[in-house]
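Report on the following structure.
Residue numbers (the working numbering), protein chains in the order written: chain A, 862 to 994; chain B, 862 to 994; chain C, 862 to 994.
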């Protein structure tokens with residue numbers, strides 16, 4: 862089954878964007894009842910994470926912590942000046958897998974799926990691929 | 862194939878619990894010979910990791926390092942006061958994939974699968990889903 | 862389909878090694894047109910990451926940041942003295958999933974797949990497993 866693409870424009874340098882509904886929509890379109898859904902990031906200064914989406918302050922706290930761990934003013938070698946974003950991308954990771962059961966994306970009660978923008982604003986794509994089984 | 866659920870009660874605020882044997886048991890029950898096993902965490906203040914399980918000090922060192930990186934007394938926005946646990950969950954990650962070969966979970970010699978509790982003690986579930994192939 | 866193994870020798874204590882071409886080679890050999898490719902690390906002081914491979918300074922910056930976050934001279938409990946490597950392995954993670962489409966590993970324009978050596982030099986193996994779907 863071909864992967865579908867979620868496209869969006871980020872608005873800030875660092876931002877968590879809730880893409881749960883768009884991932885659910887992509888899963889619905891496949892009509893798959895049981896399987897795995899992969900959410901895959903093709904960019905190297907952004908990532909995918911799962912965290913609480915009930916209170917948006919959680920996402921802001923994640924970003925604040927990442928900025929404290931890898932401050933923007935640290936001197937790095939990469940000439941583009943966005944090494945902190947590349948490093949955060951490797952820490953958070955480029956893909957997540959989710960269970961599909963009875964046609965439903967099996968998330969915990971408080972879980973949402975987030976695109977993590979670490980070097981925006983930019984146009985970003987995320988791929989959603991479903992495997993039956 | 863339907864996912865199975867591992868339920869357990871954590872005893873401490875931060876704790877690594879070795880769930881390797883329970884994941885192996887869930888894989889055995891599926892009778893799948895070759896495929897992939899997903900271990901998925903439905904909570905937002907806990908995570909799944911793979912690390913050495915021969916010496917339990919390794920797990921304690923991982924927790925100590927996480928506490929140094931994201932100290933509990935850091936001021937964050939989220940009113941529940943457990944932002945450090947949410948942040949650690951995003952750093953360590955909510956899912957892991959393992960290879961199944963000849964009916965055996967293919968782990969490295971020193972690898973074990975751990976539930977990372979970052980905001981316990983609590984009742985926690987972990988889902989194990991197997992795909993043939 | 863049986864997993865294939867990529868074997869290599871790392872040369873430094875901390876090092877990122879681009880294994881993209883070897884992963885592509887392993888995928889080509891399976892003749893799978895559509896599916897998922899898993900890259901899985903069986904060691905506990907090394908990891909798999911995805912990041913920019915156009916400029917090798919990005920990988921060096923990732924390693925430098927990891928050394929700042931988890932300095933080698935921090936006192937830990939594990940008697941082998943390589944706890945920082947174990948901790949980095951849990952932060953970066955032991956597996957990554959990639960989409961295969963039309964027989965091609967679907968990576969972003971700037972993405973490469975890296976073995977992260979955190980406690981070398983050593984002989985290391987990486988498993989590549991492909992699932993059709």
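Don't be surprised by glycine CBs; every beta carbon is placed ideally from N, CA and C. Just so you know, these numbers come straight off a predicted model, no measurement behind them.
Identity of the residue in 969(B), 980(B), 863(B), 987(B) nearest residue 915(B) by Cα:
969(B)
Straight-line gap, residue 926(A) to residue 994(B) (C-alpha atoms, nearest Å):
40 angstroms
Closest to residue 893(C) by CA distance: which of 973(C), 981(C), 975(C), 967(C) is it?
967(C)
Compare the C-beta of residue 919(C) against all C-beta atoms of chain A and say whether one is closer than 7 angstroms.
yes
Under 8 angstroms, with one C-beta from each stretch per pair, do the region 931-942 of chain A and the region 933-952 of chain B reach the 3-pair mark?
no
With a cut-off of 8 angstroms on the beta carbons, I'd call residue 913(C) and residue 947(A) a contact; round off their distance for me.
6 angstroms
With 7 angstroms as the threshold, decide whether the Cβ of residue 990(B) is near any Cβ in chain A.
yes
Below 6 angstroms CB to CB, which residues in the same chain sit around residue 964(A) once its five sequence neighbours on both sides are set aside?
894
Of all the CB atoms in chain C, is at least one closer than 7 angstroms to the CB of residue 978(B)?
no
Taking residue 953(B) as the query, report the chain C residues whose CB atoms sit under 9 angstroms from its CB, ordered along the chain.
951, 952, 954
State the CB to CB distance for the pair residue 957(C) and residue 974(C), rounded to an integer number of angstroms; the pair is presumed to be in contact (CB under 8 angstroms).
7 angstroms
Kindly identify the DSSP beta-bridge partner or partners of residue 985(A).
869(A)
Could you give the residue range of the beta strand (DSSP E) that holds residue 911(A)?
907-913
From this set, 928(C), 897(C), 868(C), 885(C), which residue's C-alpha is nearest residue 980(C)'s C-alpha?
928(C)
Flag residue 871(C) as yes if its beta-carbon sits less than 7 angstroms from any beta-carbon of chain B, otherwise no.
no
Nearest CA to the CA of residue 904(C): which residue from 900(B), 971(B), 959(B)?
971(B)
Might you give, ordered along the chain, the residues of its own chain that have their beta carbon closer than 7 angstroms to the beta carbon of residue 864(A), omitting 5 neighbours on each side?
988, 989, 990
Selection of the region 929-941 of chain C by Cβ proximity to chain A, strictly under 9 angstroms
929, 930
With residue 901(B) and residue 960(A) assumed to form a contact (beta carbons below 8 angstroms), what rounded beta-carbon distance in angstroms separates them?
6 angstroms
Let's test the definition: count the other Cβ atoms within 10 Å of the Cβ of residue 942(A) and tell me whether it reaches 16, buried, or not, exposed.
exposed
My output table needs one value for residue 954(B): the three-state DSSP class, helix, strand or coil.
coil
With a cut-off of 7 angstroms, does the C-beta of residue 963(A) fall near any C-beta of chain B?
no
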